[in-house]
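All residue numbers for the sequence shown refer to the UniProt record's numbering, where the first residue is 1 and numbers rise by one. Just so it is clear, CB atoms sit at the ideal spot from N, CA and C, and this is done for glycine as well. One structure is given below, encoded as structure tokens.
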Amino acid sequence: MTSASTPPPPHPAPSEVRLRLAAQPRQGRTARRIDGAWWPRSYDLTTELPGLLGVLPRAWGRISSVLVNGDVWPSCPERMLVAGQAVHVGRKDSPTAPHTVCLLAPGRGRWDLLVVPPGTAEAEAGRLMARAVEQGA
1 MTSASTPPPP
11 HPAPSEVRLR
21 LAAQPRQGRT
31 ARRIDGAWWP
41 RSYDLTTELP
51 GLLGVLPRAW
61 GRISSVLVNG
71 DVWPSCPERM
81 LVAGQAVHVG
91 RKDSPTAPHT
101 VCLLAPGRGR
111 WDLLVVPPGT
121 AEAEAGRLMA
131 RAVEQGA
């Protein structure tokens, strides 16, 4: 008797990842706090993160670590393989920024994205994402 293996969950195609990035990079310490906005379809980080990392600008380099809020992302592994590369996933509990994700690339920098809750209505999500990239908050 053989057992069929369960296929991995499908990752969103690049055209399906809902992401908006600020046009201008950070400059100095007083620049905006948010580099963009991401509207995942669920809080399943194993499913959502590969799609996000797959559409980031090449100039950001390889993201090696991701920090998420432990209360918002209830189940997340400590490490994930994304496109054949190990990505460390850290959990933080920040009451001041519960709906953000922090992406770290060694030698390249740090990028903070506003996370629009998956169940948000499309019109409201659009407004939140636009505000995040225009105002950095």
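- In this structure, MET129 lies away from ARG33, with their beta-carbon atoms at least 8 Å apart.
- About 5 Å separates the beta carbons of VAL82 and PRO50, which is inside the 8 Å limit, making them a contact pair.
- Nearest to VAL17 by alpha-carbon distance, out of ASP44, TYR43, ALA23, GLY54, is GLY54.
- Taking 8 Å as the cut-off, the beta carbon of GLY61 is found no closer than this to the beta carbon of ARG91.
- Residue pairing by DSSP places ASP71 in no beta bridge whatsoever.
- Within 10 angstroms of the beta-carbon of GLU48 lie 16 or more other beta-carbons, which makes it buried.
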